[in-house]
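Remarks on the structure that follows.
Protein chains: 2
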Amino acid sequence: MRFHSPSLNKSGRYRWRTGFSVSTSKDTLAWYPALVRVEDLGTPAALVDLDVVARNTSRMGERASRLGVRLRPHVKTHKTIEAARLQVRGHFGGITVSTLAEAAFFAAGGFRDITYAVPIPPAKLPEAADLSRRLDRLSLLLDDSVVADAVEECARERGIRLSVFLKVDCGAHRAGVDPGLNDSVALAGRVGSSPHLDFRGILTHAGQSYRCRDAQEVRAVAAHERDVMVAFAGRLRRAAVRVDEISIGSTPTLAVAEDLAGVTEVRPGNYVFFDATQVAIGSCALEDIAFSVLVRVIGRYPSRRELLVDGGALALSKDPGPVHVDPGCGFGLVLTAAGEPVPGMRIISLSQEHGVVRCPHDLTAGQFPVGSLFRIVPNHSCLAAALFDRYAVLRDCDVVDEWRPVRGW
Amino acid sequence: MRFHSPSLNKSGRYRWRTGFSVSTSKDTLAWYPALVRVEDLGTPAALVDLDVVARNTSRMGERASRLGVRLRPHVKTHKTIEAARLQVRGHFGGITVSTLAEAAFFAAGGFRDITYAVPIPPAKLPEAADLSRRLDRLSLLLDDSVVADAVEECARERGIRLSVFLKVDCGAHRAGVDPGLNDSVALAGRVGSSPHLDFRGILTHAGQSYRCRDAQEVRAVAAHERDVMVAFAGRLRRAAVRVDEISIGSTPTLAVAEDLAGVTEVRPGNYVFFDATQVAIGSCALEDIAFSVLVRVIGRYPSRRELLVDGGALALSKDPGPVHVDPGCGFGLVLTAAGEPVPGMRIISLSQEHGVVRCPHDLTAGQFPVGSLFRIVPNHSCLAAALFDRYAVLRDCDVVDEWRPVRGW
């Protein structure tokens, strides 16, 4: 009954049969014995729909090609070798990570060109430098002159060159230099002229896209993201700073961007799974969501039209979701076990191992008895997926594989 | 530099030297070589203050003794053998868990009497029944007649007796039967009269205590919790249902309860670590908090008085905290690396691996440079601790042990 039954992991386990490629045609998988069905899984369980992942990754790959930019997908949403291989199919193979633990894991998995897209503090440089020796390239981010000094010193001491991006704030106001300041140009020049550093260029993340209300608003953010970066690169080049890469990326902006002239590289990540927030802000449709959490009804309270499920904050995360678009969104979208929407159902509260689901109508006799299954689409798949040690990979309702994400830092 | 250095895990590792006992006197630990200091840890890192855990667990143990109730502490906040041993010191040794994975882990760790305090769905019964054979007692919760049938059938088929509590709703409106209904009495009677079930009694959790604004309000909830349960037990006894246990428990109500006459058992859990929410609602003082997350400054933005730290939603959780008491609480309390409060600092936003800290005053030149360390006390320690595979256990700023929590389901 538990998902990690040995029978699944031996002969029944679906394997990538042609290196990095995967077929999305069912016929080619007809040989696969469906040892485990979704309803056999212990709950809560993380579910990944393989065909939807394959479609999402193909579409983003085609989109990047059509826009004329290199695709360096972010792997932080799923943190698995298998999904990352689908992301880079047909592209140059570079990826983006959010932790050094991810960098080491994907390096061990055969990825050779990795950007660690969180500003690095000096204390993490020894580990990053060691890792960079095992890769074709590990690029680091910085936005602070103290860090620039430390990175240069680290490279000099070890007799290596470290690849560096200057992180730019294009309006998210989280990390990055202000592209309007002379200090920012000076910092780029200082990094670009160091014999110990390989200055790759400039990099940004339009995180403000997640605060948009619809695709039209996101489109404006996408244009701004591009314009700020292209203008800043121009300013740097006029100051004789060589800028090879102009790297941008967020799933919402990439989903709607129409023209990325001047941009060289994009780094979307969430699109592999998507989630309830991406649907609400117009980045995708419900059928594009590849990740959900299987839960069971463990309590039934008709007098208050509520069900209790065994997916709580440790299975779904407490991300508040797109409350700026839908104040009553609750903690995720409620689907049947087969993945069909259940209109009007809302998850009104989460505690550690409990989720309370409010029904729109009176519960009729026998409706949703204890033991009933639901799939919950989380508000934020990056945070929910990270709560699981394994994903049950499905085609329709058959479990065809198990993927193991890396975790920690 | 990484915490899991082999040197720490070999000769330097602090071990419990007398079975379940641990000394809280520093002198007895003077032999311990401080191989790792807090400032040597990779970030983000989960920190546990050993002396505070020992004090919190001693105090709750004394409190339960003084109130004349058995202590069956909940272990879901920390999920470690080490802290659970401290919790049961001087008591009968029973514990409470929130997942079957915890039940199996603590069973393997020598705990013999475990209550799984989440309503069990039929699909989890085979695993629970198997586990019950390895324990003196595994008690299950139910509040639904369909489940009562399934538990009885499971016990009958296997030729075992399963221990059962009836879960009661004392006002939290999450799980449990309504103690005012005849159906609830009938369900207790039906379980109590089964030859295959060992009906232990009634159990509740006053989760509404977390919505209180101060200790006075919590005290009223605590009295209500006790009164509802004692009255319901009386009703059951008048209906000839034997009720051995009246089990209550939440850290806030236990922290303030003055009289638990009639109650037999208490199940607090969060008090081992406490957190920012417990401080806000009056359950504890700041110095009672034993859990925090060590983070490093990775960005510095004086123009908006902000710092960026490497503790994001995957290190702190997105629990909104005690917004009903302090709407501006942000995502945790900011302390120095040594554990002293930094007044006015607020964590205003979290993304996956980034936390934005707003400072109350302008950042002066050189103040909090990149690399500076903070400890963040999370809003909800249960959710934050579950994000880590290991805790660095400290005495003052020396790392004296590493605890490994169980995770998953």
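If you read the protein sequences in the order shown, they are chains A and B. Sequence positions in the first sequence follow my numbering and run 1 to 409. Sequence positions in the second sequence follow my numbering and run 1 to 409. Beta carbons: idealized from backbone N, C-alpha and C, even for Gly. Remember, predicted model here, so these are calculated numbers, not experimental data.
Neighbour flag for residue i against chain B, beta carbons, 8 Å
i         : result
A/Thr-99  : yes
A/Glu-353 : yes
A/Trp-409 : yes
A/Ile-298 : yes
A/Pro-44  : yes
A/Ser-381 : no
A/Arg-304 : yes
A/Lys-318 : yes
A/Gly-68  : no
A/Leu-308 : yes
A/Asp-143 : yes
A/Asp-149 : no
Whole-angstrom distance between residue j and residue i, CA atom to CA atom
i         : j         : result
B/Val-88  : B/Arg-238 : 34 Å
B/Val-218 : B/Asp-227 : 14 Å
A/Asp-212 : B/Pro-73  : For the record, residue 212 of chain A in the displayed sequence is Cys; it is not Asp. Each residue's Cα considered, the two are about 45 Å apart.
B/Ala-386 : A/Gly-109 : 27 Å
A/Ile-248 : A/Ala-64  : 12 Å
B/Val-309 : B/Ile-376 : 10 Å
A/Val-293 : A/Gly-311 : 8 Å
A/Ser-283 : A/Arg-296 : 29 Å
B/Ile-120 : A/Ile-298 : 6 Å
B/Leu-335 : A/Ser-132 : 34 Å
A/Ala-338 : A/Arg-55  : 19 Å
B/Pro-322 : B/Arg-85  : 30 Å
B/Gly-42  : B/Asp-398 : 14 Å
A/Gln-367 : A/Arg-305 : 11 Å
Secondary structure of residue i, DSSP reduced to three states
i         : result
A/Phe-291 : strand
B/Gly-412 : Nothing about residue 412 of chain B can be reported from this structure: the residues present for chain B run from 1 to 409 only.
A/Ile-81  : helix
B/Phe-92  : coil
A/Gly-201 : strand
A/Val-97  : strand
A/Glu-265 : strand
B/Ala-117 : strand
B/Leu-181 : coil
B/Ala-45  : strand
B/Lys-167 : strand
B/Leu-316 : helix
A/Arg-390 : coil
A/Pro-252 : helix
A/Asp-149 : helix
B/Glu-225 : helix
A/Ser-303 : helix
A/Thr-364 : coil
B/Gly-355 : strand
A/Arg-161 : coil
Interface flag, residue i vs chain A, CB-CB below 8 Å
i         : result
B/Val-52  : no
B/Gly-332 : no
B/Pro-122 : yes
B/Leu-314 : yes
B/Gly-321 : no
B/Lys-76  : yes
B/Arg-174 : yes
B/Ala-386 : yes
Cβ-based burial, residue i [other Cβ within 10 Å; buried from 16]
i         : result
A/Ile-348 : exposed
A/Phe-232 : buried
A/Gln-278 : buried
A/Arg-134 : exposed
B/Ser-303 : exposed
B/Ala-104 : buried
B/Val-243 : buried
A/Asp-143 : buried
B/Glu-287 : exposed
B/Trp-31  : Caution is warranted here: a pLDDT of 39 is assigned to B/Trp-31, below 50, making its placement in the model unreliable, and the coordinate value is therefore given only provisionally. B/Trp-31 is exposed by the Cβ-count criterion.
The stretch 205-221 of chain A touching the stretch 178-193 of chain A, judged by at least three CB pairs closer than 8 Å: no
Three CB pairs or more closer than 8 Å across the stretch 379-395 of chain A and the stretch 31-51 of chain A: yes
The stretch 98-112 of chain B touching the stretch 151-161 of chain B, judged by at least three CB pairs closer than 8 Å: no
Validate contact between the stretch 163-170 of chain B and the stretch 187-195 of chain B using beta carbons, cut 8 Å, 3 pairs: yes
Three or more C-beta pairs below 8 Å linking the stretch 328-346 of chain A and the stretch 359-366 of chain A: yes
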